[in-house]
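Visitor:
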Amino acid sequence: MGGKPWKPLGLAATAAVLMCLCLAPKRLASQSAPALIDYDREIHAILAVRCLVCHSQEKRSGGLSLATYEDVLGGGRSGAIVKPGNSGGSLMFQRITAPPATRMPLGGPPLTDSEIRTIASWIDQGARPAPNAPAAKARWEAPLTLERPKPPVSPWKSWSGPLDRYTAAYLASHGASEPPLVSDAVFARRAWLDIWGLLPPPAELRAFLEERTAGKRQRLVAALLADDRKYAENWISYWNDLLRNEEGVTYYSETAGRKSITDWLLAALESNTPYNQWISTLLNPTAPGDPDGFLIGVNWRGTVSASQTPALQAAQNTAQIFLGINLKCNSCHDSFISKWKLKDAYSLAAYFSAEEKLQLYRCDVSQQQYATAGFLFPELDRRLPSESATDRRAAAAAIFTDPHNGRVPRTLVNRIWQKLMGRGIVENVDEMDGEPWSPELLDWLASDFVDSGYDLKALISTIVNSRTYQLAAVPGRGEASGKYEFRGPELRRMTAEQFADCVASITGEWPVGRAMNPQAPGRGGPAVISGAPSDGASLKREVPSEPRPSGSVLGTAPAAISPRPAPLPIPPGNYVREWRIAGSSLDRALGRPIRDQVYSTRDTQATTIQALELVNGNTLTHWLWRGARRMLGEPPPEPVSLVSRQSNAGRSTPAPFEVDISKSEKLYLIVQDALSTAPDKAAPLWIQAELSGPNGITPLSALMPLDPSGLREDNSPLTIAGGTEYSSALRVKLSSVLVYDIAGKGFTRLQGATGFEAVPLIQGESVQARFFAFDRQPDMDRLVPPNPETPLPAGPVLHTVSETIDRVYWYALGRAPSIAERRVAEAALRDQADPRKPSADGLADLLWAVMMTPEFQMIR
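Here the sequence shown is numbered in the working numbering, starting from 743 and rising by one per residue.
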C-alpha cells in the first residue's frame, strides 16, 4: 500500500481522542431530547392570543379561565383540562384536536400543528410552571369505582387497627409523635352522647371509671350499640335532617296532609337495616308501610319554580344525600360552578316522575326539549324493561345500589365520619368531588362498610373503637385558610335534641308527646305535638244528671245535634325524647332546622338568638323551674281540665259539653292548633257557650275576658261546620287563651259546644284544633296529664345540699365539683328556712349555671 507509514499517537493526542469518544454520547443525547417547555414564554403566549377572548378571568366561558397557570391547572366546570404527563387524556388537548364542530377555539381558526405540538409536549413533560420546576400534581378527580386499599405499616405499635394505621402514618408524616388518648371519663361521655345522645348517669359512669379490666372501652361501645331503642332515638334526628322528615309539622300536599316516614325510619334504625336496603326502599317504595313520603317532597302551594316539582326535588335530594352531588343550581340552568347540566338534573328526575319524559325549563322558561331517565354516570346506566313509573323507580334503586357505584358508600362513610369527628375526610359532605385529606382512608372505610353488608352500627363501632376517635378534641378550623391537616376529632356542640334530652335526663322533666287523632286525614306515625312539651289524658264527656235549661245546646230538641259522630276526646300523651315533638324556639335557636329541605350539617355557631333563648327564654327557664322541683320531690300539681276536645273542621260535628263551675273563680278557655295544614283558614268557635246559675243564663259573649286579644272580630253570618245552624257562638283565634274572672257571680254550670265555622277546604288542606277549659291556671305544656312512664328511669329524690351538688356535677359534667365550685354551689342551694335542705329556686339557678358552660354544651 502506498502512503506514509502509520505512526503511533502521542500520549496527549491519545487522551484527547478518548475524551471526545466519552463525551460524544452525552452530546448526542442532549441534542436528541426535547427542551423543557417554558410555560410563560411558550404556552401562555398561545393561550393569550387564541383563547382569552372566551376564557379570561372575567368571562370564564364554561367556568374556565386560561389567564394564569393556576387557572389552567384548576380547570372548569367539566373538571381538570390538564392531566400532567398525559396529553392524550387531557381535555385541553382533546378539544384543540377535536372535529371542527366542537374544536377549540370555537368559531375561530384552529391552532397550528406547531402550537398543538408545543401544548402536547408541555403536558407530557409534566405541565411545569417553569422549566426548572417539578412536574405539576394532577388535580384530584373523585373515582367512581371502589377498590379496597392495603393499610400502611403503622409507625406506632399500639396503633394496629386498619383505620388507626392510616391515621398514624398520616400524623407521623406530618411531624407528630404518638399522641395520648383521652381519659375514661371523657371517652365515656363522648361515646354516650354520640351513640345514645344522652349523658352517662353518675352511677354507671363511676362503675365504668372504677373498672380495671382490659377492653372495657370496647365493651362499653358494644353495650351502647346493643340498645336498639336508645341508639335509634339519637340517630333518628340526624336522618330526619337528611331525609327531610320533620316531626310535628305538616306540609301541604296535593295527595296528603303529611307523608311522614318516621315509623319506617325508626324501625330501620332499630333493626339496623343494611344501608343499601334503605336506599332501595326509599327510591322504590312498593310494599305497605314503605316510606313513599320521601319521594313526594314538599308540595308548595301556589305557583312555584319548575325546579321545585316533586320529581326534581327527588333528583336533588337523592343526588345530595346518597352521591354527594349538588344538583340545585342545575335544576334551573346549567351549573356555573360544576360540570352538571340542566339536562342531567331532568334525566335523573325522570326516574321519579309520573311522565316518561320531562320537558326542560331553564329559569322557568320552556326549552322545547325533553329528558328521559338517565343516570349522572352513564357507565352505570341500564336498560329499562319498560318506561313505566314502576320500572323507572326500580331501575333507580338498582343503579344507586350497584356494587360498581363507589360514590354511595364513600358519601355515607364520609357523613358518619363528619358526624363523629367534626369534619369530613372530604370537608364538604355534599360535594364528594372535593379532595380527601386521606383518599386511602376514605376508600378503606367505604370498602369495609360494603364488606360488612352496609352495616351502619358496624361502621360506627369501627370509628368509635379506634384510637383516632379517642384522641383529645381539637378546636375546629372555622374559616381558616391554608391546607387542612388532620390532628384529631374536633370539638363539637351538642345538637338541640341532645341538649334537651340531657336537661330532661338530669332533671327527670321530659317533654310530652300526644298520639294523633286517628280520624285525622293524612296522619300516621308516632306521638307528636305542635310546640313545646304538651298534652295527654283527657276527661270523659260530661253527662249531666239534671234537666238541661231551655235554650242550651244540650237541650231536648233532637235536631240540635248532627247525627255524625262527635270528635274523639284527646288521647293521653307520653313522656318522650325531644326528637318526637315539633321544634320549640329553644330547639331552633340551638340549630334544629325546619327540614323543608335536606340538611346534612347544622349551624352550630353561637348566635344572638341562641344567647337570648338560653339566658331569658321562657322554654328553658320554665323547664328548669319544674325540673328542680321534680329533683327535690316537689313537682307542682297538674290542673285537671273541665273540657278537653279535639275537632276537625272538615270531619267533625260540634262537640257538646256541660261542666260544674260552682266552685270556680276563673275560667281559662284555650284553643290550640292541632297540626292544621291550612291554619290561616281556621275559624274556631265556642258554640252557644253559656254560664248558668240561680239568676238565669248568661251568654259567654256577654262577658269580657281579661285580655280580649284572643277574640276574632267578624260580623258575617254564622255557619257552623257540620251543617247545623246555631243562634250564637264566640268567635276566637287559632291559637287563643281567654281568661274570665267569674268570682262572686253565682255561676254553677258552663255549657256549650266546640267546633268551627264552615270554610271551603281544597284537597290536602285540613283545619284541626284542641279545645280546653280550666278553672285554674294550667301549665300550657301539659294541658292534659301524661302517662307516667319516662324514657329513662326517674332519678333519686335529693334531700341534702351535698348530694344535690354531686348529682348535678357528675351527671352534667362527668366529674366531681372542685372545692371552689362546691363552695359557690352550697351558697346558692341552701334554703334560708332550713339550711340543711336544698332550695328549689337555688337548684334551678345551679342547673342553669352549669348548663351554660362550654364544658357541658361541648362534646369534648
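Even glycine gets a Cβ: it sits at the ideal position worked out from N, Cα and C.
Owing to the predicted nature of the structure, the values given are computational and were not obtained by experimental measurement.
#1: Between Ala968, Glu952 and Ala945, which has its C-alpha nearest isoleucine 937's C-alpha?
#2: For valine 1474 and glycine 1452, which I take to be in contact (beta-carbon distance under 8 Å), what is that distance rounded to the nearest angstrom?
#3: Under three-state DSSP, which class holds lysine 1161?
#4: Please work out which residues of its chain come closer than 6 Å, Cβ to Cβ, to glycine 1435, disregarding the five sequence neighbours upstream and downstream, and give them in chain order.
#5: Could you pull out every residue in the same chain whose Cβ sits closer than 6 Å to the Cβ of proline 1381, ignoring the five residues on either side in sequence?
#6: May I ask you to report which of helix, strand or coil DSSP gives isoleucine 861?
#7: Could you tell me the distance, in whole angstroms, from the CA atom of histidine 1075 to the CA atom of threonine 1051?
#8: Rounded to the nearest angstrom, what separates arginine 1572 and arginine 1371 at their Cα positions?
#9: Considering only the beta carbon of each residue, do arginine 1234 and glycine 1164 sit closer than 8 Å?
#10: Assuming aspartate 1523 contacts valine 1254 (C-beta within less than 8 Å), just tell me the rounded distance between them.
#11: What's the C-alpha gap between arginine 1393 and leucine 1427?
#12: With respect to the beta strand (DSSP E) encompassing serine 1389, which residues constitute its N-terminal and C-terminal limits?
#13: If you draw a straight line from the alpha carbon of arginine 948 to that of leucine 1007, how long is it in whole angstroms?
#14: Taking Cβ positions, are threonine 1532 and tryptophan 1321 nearer each other than 8 Å?
#15: For arginine 1572, list the residues DSSP reports as bridge partners.
#16: Quick one: Cα of isoleucine 1158 to Cα of arginine 932, how far?
#17: Pairs of beta-carbons, one from the segment 884 to 897 and one from the segment 849 to 858, closer than 8 Å: are there three or more?
#18: For serine 1342 versus leucine 1525, is the C-beta spacing smaller than 8 Å?
#19: Which residues mark the beginning and the end of the alpha helix (DSSP H) in which leucine 1100 is found?
#20: Bridge partners of proline 1426, per DSSP?
#21: Hey, could you find the ends of the beta strand (DSSP E) phenylalanine 1516 is sitting in?
#22: Checking 8 Å against the spacing of the C-beta atoms, do alanine 1570 and glycine 1556 come in under that value?
#23: At the level of alpha carbons, what is the spacing between glutamine 1414 and glycine 1369?
#24: Run through DSSP, which three-state label would aspartate 855 get?
#25: Quick one: which unbroken alpha helix (DSSP H) runs of 4-plus residues sit fully inside the segment 1016 to 1095? Chain order, please.
#26: Give a yes or no on contact between the segment 1205 to 1217 and the segment 1026 to 1046, applying the rule of three or more CB pairs nearer than 8 Å.
#27: In or out: leucine 1354 buried (at least 16 other Cβ within 10 Å) or exposed?
#28: Under a Cβ-count criterion, where at least 16 other Cβ atoms within 10 Å of its own Cβ denotes burial, should proline 1305 be classed as buried or exposed?
#29: Using the Cα positions of valine 1550 and valine 1543, report the straight-line distance between them to the nearest angstrom.
#30: Sort Gly817, Arg1124 and Asp1175 by Cα distance to glycine 1148 and report the nearest one.
#31: What does the Cβ neighbour count give for aspartate 1086, buried or exposed, with the cut at 16 atoms within 10 Å?
#32: Can we say the segment 1090 to 1105 touches the segment 1128 to 1135, given the rule of at least three CB pairs closer than 8 Å?
#33: Are the segment 773 to 791 and the segment 852 to 870 touching by the rule of at least three beta carbon pairs closer than 8 Å?
#34: If you drop the 5 nearest sequence neighbours on each side, which residues of the same chain put their C-beta closer than 6 Å to that of serine 1294?
#35: Secondary structure at serine 1247, three-state DSSP: helix, strand or coil?
#36: Whose C-alpha, out of Gln1352, Ile1439, Asp1422 and Tyr1482, is nearest the C-alpha of leucine 1448?
Guide: Taking the structure as given:
#1: Considering only Ala968, Glu952 and Ala945, the residue with the shortest C-alpha distance to isoleucine 937 is Ala968.
#2: Rounded to the nearest angstrom, the Cβ distance from valine 1474 to glycine 1452 is 6 Å, consistent with a contact under 8 Å.
#3: If DSSP states are grouped into helix, strand and coil, lysine 1161 belongs with the helices.
#4: Sequence-distant Cβ neighbours of glycine 1435 in its own chain, meaning closer than 6 Å and more than five residues away, are Gly1488, Phe1489 and Thr1490.
#5: So the qualifying residues of the chain are Phe1516, Arg1518 and Pro1520.
#6: In the three-state reduction of the DSSP assignment, isoleucine 861 falls in the helix class, which pools H, G and I.
#7: So the alpha carbons of these two residues sit roughly 15 Å apart.
#8: If I take the Cα positions, the gap works out to 14 Å.
#9: Closer than 8 Å, so yes.
#10: Indeed they touch by this definition, with Cβ atoms about 7 Å apart.
#11: So the alpha carbons of these two residues sit roughly 15 Å apart.
#12: 1385 to 1390 is the span of the beta strand (DSSP E), which, as asked, contains serine 1389.
#13: Taking the straight line from one Cα to the other gives about 34 Å.
#14: No, these two residues do not count as a Cβ contact at 8 Å.
#15: Residue pairing for arginine 1572: DSSP places it in a beta bridge opposite Pro1580.
#16: Each residue's alpha carbon lies about 15 Å from the other.
#17: Not touching, per the Cβ criterion.
#18: For serine 1342 and leucine 1525, no; Cβs fall outside 8 Å.
#19: No alpha helix (DSSP H) holds leucine 1100; the beta strand (DSSP E) holding it covers 1100 to 1104.
#20: Proline 1426 pairs with Phe1498.
#21: First-last of the beta strand (DSSP E) with phenylalanine 1516: 1510 to 1516.
#22: Result no, Cβ atoms of alanine 1570 and glycine 1556 do not sit closer than 8 Å.
#23: Their Cα atoms are separated by approximately 25 Å.
#24: Here DSSP, grouped into helix, strand and coil, assigns aspartate 855 to helix.
#25: Unbroken alpha helix (DSSP H) stretches of 4 residues or longer found wholly inside the segment 1016 to 1095: 1017 to 1025, 1035 to 1038, 1052 to 1060 and 1084 to 1091, given in chain order.
#26: As far as the Cβ criterion goes, the segment 1205 to 1217 does not touch the segment 1026 to 1046, which means the pair count is below three.
#27: Taking all protein chains shown into account, leucine 1354 has fewer than 16 neighbouring C-beta atoms within 10 Å of its C-beta and is therefore exposed.
#28: Caution applies to proline 1305, whose pLDDT of 37 falls short of 50 and renders its modelled position unreliable; the value that the coordinates give is listed next. So proline 1305 counts as exposed.
#29: Their Cα atoms are separated by approximately 11 Å.
#30: Looking from the CA of glycine 1148, the closest CA among Gly817, Arg1124 and Asp1175 belongs to Asp1175.
#31: With 16 or more Cβ atoms within 10 Å of its Cβ, aspartate 1086 is classed as buried.
#32: Short answer: they touch.
#33: The count of Cβ pairs closer than 8 Å, one atom from the segment 773 to 791 and one from the segment 852 to 870, reaches three, so the stretches are in contact.
#34: Here the model assigns serine 1294 a pLDDT of 29, short of 50, so the residue's position is not dependable, and the following value carries that caveat. The residues Gln1493, in chain order, have a CB closer than 6 Å to that of serine 1294 in the same chain once the five nearest residues on each side in sequence are set aside.
#35: Serine 1247 carries a helical assignment under DSSP once its states are collapsed to helix, strand and coil.
#36: Check the Cα spacing between leucine 1448 and each of Gln1352, Ile1439, Asp1422 and Tyr1482: the tightest is with Tyr1482.
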